[in-house]
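Throughout, this note's numbering is defined as the position within the sequence shown, counted from one, plus 9.
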Amino acid sequence: MRIFPRNFASLAIGIFNSFTTFASVATRLPPEEVAALKEIGKTLGKTDWDFSVDPCTFSTERNLYGFEDSVTCNPCNDTVCHITRIALKAQDLQGTLPPELVRLTHLEDIDLSRNYLNGTIPPEWGSMKLVNISLLGNRLMGPIPKEFGNISTLESLSLEFNQLSGPIPPELGSLPRLWKLHLTSNYFTGELPKELAKLTTLKDFRIGSNNFIGKIPDFIQNWVDLSTRLDIQSSGLDGPIPPGIGLLTKLSDLRISDLNGSQASFPPLNNLTSLKNLFLRSCNINGTLPEYLGTMTKLKILDLSFNNLSGEIPSNFIDQTTIEMMYGYQHLIYFLVFFILLANWYLTENLLSGPVPSWMLQTSTNIDLSYNNFSLGSSQDCQQRNTGNGSCLTLRGFSCDRKRSSFHINCGGKEVSIDGNKYERDRDEIGPSNYYRSTTNWAFSSTGNFMDDDRTDDPSILTNSSRLSVHNSELYMDARISPISLTYYGFCLVKGNYDITLHFAEIMFNDGKSYSSLGRRIFDIYIQGKRVQKNFNIDNEAGGIGKEVIKKYTAKVTDGTLEIRFYWAGKGTTGLPTRGVYGPLISAISVDNLDYEPPKGISAGAVVGIMAAAAFVIILLLGILWWRGFLIRKDTMDQDLKGLDLQTGSFTLRQIKAATNNFDEANKIGEGDFGSVYESELAPFELGGDIDVRIEKKVYMAPKYAMHGYLIDKVDVYSFGIVALEIVSGRSDTSYRTKEYCLYLLDWALVLKQKGDLMELVDPTLGSDFNKIEVTVMINVALLCTNVSPIVRPAMSSVVSMLEGRTVPASLVNWFQIQTPPMSR
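Shown next as structure tokens:
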């Protein structure tokens, strides 16, 4: 006899009650649907369903991140109900798609978007009566089952952001109720089958970022009910855009980009008056801008960048009524409404010319007209406008203080030092379409705005909150991003070949088995206008998220400018982990001319020796001139005059001019070997500052002689000062110029002296190999020699004395005492 535990009876009763309770609850669903739901959960990797309660109560409201966990049943009668919808969104499910779904015969809606599901799409689903299928954002591979053409009830099919491949099955053209077909960001190939022409119920069609071939088919003109969106961005298809697109008059969002094929004129869109977003970027469009664009009052975003559009922006691009609304204070409300609607215009990288309409320069909307051929006057206006939200010309006129052979940028980050190189700060948030100029020799510009993310302010810098386990991690903690195009420029570069090092790390996607790690950031890299990397994917090349990848290139610089551009050509995902995540990203840039050898500098002592030799040559030349009688022998003349017991004196040119009333003819008494002779009566005048002296009332003077004896000495001293500045700086006085300004060397030296930064004058090829005290003395002596007042300029004997260190220039006495230690004075 088997002996049972004492409490067996109570235990059995409890089990029975639980069973009958569950059975009574679950009886509203057929047992086969409950069993099927359990199998479906196992295949998907769904482990948290609690089948002790009614599966029809499995429901969690959708949150801000798209998470949803619900099983929906149709209205139940007293005995039976059926599952009609399953939504398991953003739960990181890691299983496969369940063929068992066919056992839910009343299921209409399956939404498994933003998970980590892999494998293929079960062809068994083709026998179901599904209305909506959403598998967006997974790791699904393989083709679309041709059996899907049998789902006559299907209205919406969303397969975006997966790894599906193969051609589009022609059978999809047999779906009589299909209004939404989303195939963006996969690896589909082949031509669009002609059978798709029968999808006359389509309202939303998206096939961007794929590998299709052939031309955009003419049959799209059959889809006259298209109203939500037509998206053919970087699909692989060729242009031109078929003219039949002009029949899609209900369309509100048209996006076509990066077409291959020949050039064509602007498509006839004049009847598409409902357009809110118009993207025709990089579509090989030539010709002029159509005037009817100005009549599209609902247009919010216009992107015609990277085409070959030419001519002027039409003067009536905005009609007169609209202009009156813009400028009339009484129509302020209309003005605000208009520019809220017209948020972004991108016409960058075309061949547009002529003046820029004043209303474009006076508005605060995001208008980008950069890299065109607008007239100079308009460009200057645009330059002023560039301090706002837009830019309308190439970065020109970057003034150079000196030529350089390198630059290093920590893109989006703070200043750091790596391996002896200073990576400059690039931390400014400038917005989506603008540019920034550094204080040294580089700049960058950005174009576009992130779409479909419902953000009013797009980010331009990414920051990783956790420390990365990579070499030189401070370069990768921050990065600069851009929606379409991000260009860095190096200026003032010496000619030669440059090594370019680009640092990347994907810091926006999450790591691990999560849908947020499935994003694909893909962009192209151009250097000096040449594409050097197509479809660059940071994550793939680095071998994971948060890992660095370094790309090295070489480029030749001939005109002092280097251009590095990162361009989003419409490839990759745009909605993982959330909408609006795409576009180029760069962490740091290093540019070096490793072959450049600066001219070997000479020591400061050698410079002083050269100066002394130059001074000796000048003194010798002056002696020869003096000996041959070209200079006044002042000492002899003074002695001779004193011997005659006359009251004599030396006069400045200013005193002579005053004495002769500026050489008035009334005072002229004759001509001599040295020119005219004047008689004058002198009033008391001041000599040497504080001493008043009288001379004879009547004096006789020959100004030519006096001016000759005065100028010849002072001009030679001035010339010596200029030579001294040229030797110190390594520059010619008349050849020092920038792209915008022409500066004489002396003017530059005076500016630097006023700023207290005379060392900036020193020849950069000397590096740090010079004596600061000696060079400072030399520069100050040169400035004394070139004083604007000749009477202040020193004699050459004083110049030699100061250069040899026997005397100190008066302007440097205090400085010299501070710079020189007591024991060395």
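Ideal Cβ positions, reconstructed from N, Cα and C, are used throughout, including at glycine.
Go through the segment 447 to 519 residue by residue and report every complete run of the beta strand (DSSP E) that reaches 3 residues or more, in order.
451 to 456, 470 to 472, 487 to 490, 494 to 499 and 505 to 514
For residue 264, count neighbouring Cβ atoms within 10 angstroms of its own Cβ and tell me buried if that reaches 16, exposed if not.
buried
Report the start-end ranges of each beta strand (DSSP E) in the segment 569 to 604 that is 3 residues or longer and not cut off at the edges.
571 to 576 and 597 to 601
Answer yes or no: the CB of residue 198 versus the heavy atoms of the ligand NAP, is any distance below 8 Å?
In the structure on display, the ligand NAP does not appear, and there are no ligands present to speak of.
DSSP bridge partner residues for residue 320 (one or two, in chain order)
361
Nearest to residue 367 by alpha carbon, out of 100, 323, 619 and 273?
323
Segment limits, beta strand (DSSP E) that includes residue 206:
It is not in any beta strand (DSSP E) - residue 206 carries neither H nor E in the DSSP assignment.
Any idea what DSSP makes of residue 883, helix, strand or coil?
The chain is shown only over 10 to 834; residue 883 falls outside these bounds and no answer can be derived.
For residue 307, name the three-state secondary structure that DSSP assigns.
coil
Name, in chain order, the residues that DSSP records as bridge partners for residue 729.
DSSP, once it has assigned bridges, lists no residue as partnering residue 729.
Name the DSSP bridge partner or partners of residue 242?
266
When 282, 64, 619 and 624 are compared against residue 804, the one with the closest alpha-carbon:
624
Three-state class that DSSP yields for residue 56 in the structure shown
coil
Given this structure, state the Cα-to-Cα distance separating residue 77 from residue 116, to the nearest angstrom.
17 Å
For the segment 270 to 284 and the segment 584 to 602, state whether three or more C-beta atom pairs, one from each stretch, are separated by less than 8 Å.
no
I need the straight-line Cα distance from residue 180 to residue 204, nearest angstrom please.
7 Å
Sequence-distant residues of the same chain with beta carbon closer than 6 Å to residue 242, five excluded per side:
217, 264, 266 and 579
Range of the contiguous beta strand (DSSP E) that encloses residue 377:
375 to 377
Does the distance from the C-beta atom of residue 201 to that of residue 178 stay below 9 Å?
no
Straight-line CA distance for residue 702 to residue 668?
Bear in mind that a pLDDT of 32 at residue 702, under 50, signals an unreliable position, so the model cannot answer this.
Should residue 607 go down as buried or exposed, given a rule of 16 or more other Cβ atoms within 10 Å for buried?
exposed
By the three-class DSSP mapping on this structure, what secondary structure does residue 99 have?
coil
Tell me which residue opens and which closes the alpha helix (DSSP H) that residue 794 is part of.
781 to 794
Can you have a look at residue 485 and say buried or exposed, based on whether 16 or more other CB atoms are within 10 angstroms of its CB?
buried
Whole-number beta carbon distance between residue 470 and residue 487, since they are thought to touch under 8 Å
6 Å
Delimiting residues of the alpha helix (DSSP H) encompassing residue 757:
754 to 764
Cβ-based neighbour list, residue 40, same chain, cut-off 6 Å, excluding 5 preceding and 5 following:
none
Tell me the rounded alpha-carbon separation between residue 162 and residue 185.
8 Å
Mapping DSSP to helix, strand and coil, what is residue 157?
helix
Bridge partners of residue 37, per DSSP?
Bridge partners of residue 37: none, in fact.
Would you call the segment 521 to 529 in contact with the segment 457 to 473, where contact means no fewer than 3 C-beta pairs closer than 8 Å?
no
Buried or exposed: where does residue 195 fall if 16 or more other Cβ atoms within 10 Å of its Cβ makes it buried?
buried
Distance between residue 666 and residue 675 (C-alpha atoms, nearest Å)
14 Å
Could you compute how far the alpha carbon of residue 369 sits from the alpha carbon of residue 547?
38 Å
Verify whether the separation of the beta carbon atoms of residue 250 and residue 268 is less than 9 Å.
yes
Quick check: what's the CA-CA separation for residue 390 versus residue 102?
With a pLDDT of 44 at residue 390, under the threshold of 50, the modelled position of this residue cannot be trusted; read the value that follows with caution. Cα-Cα distance, rounded: 55 Å.
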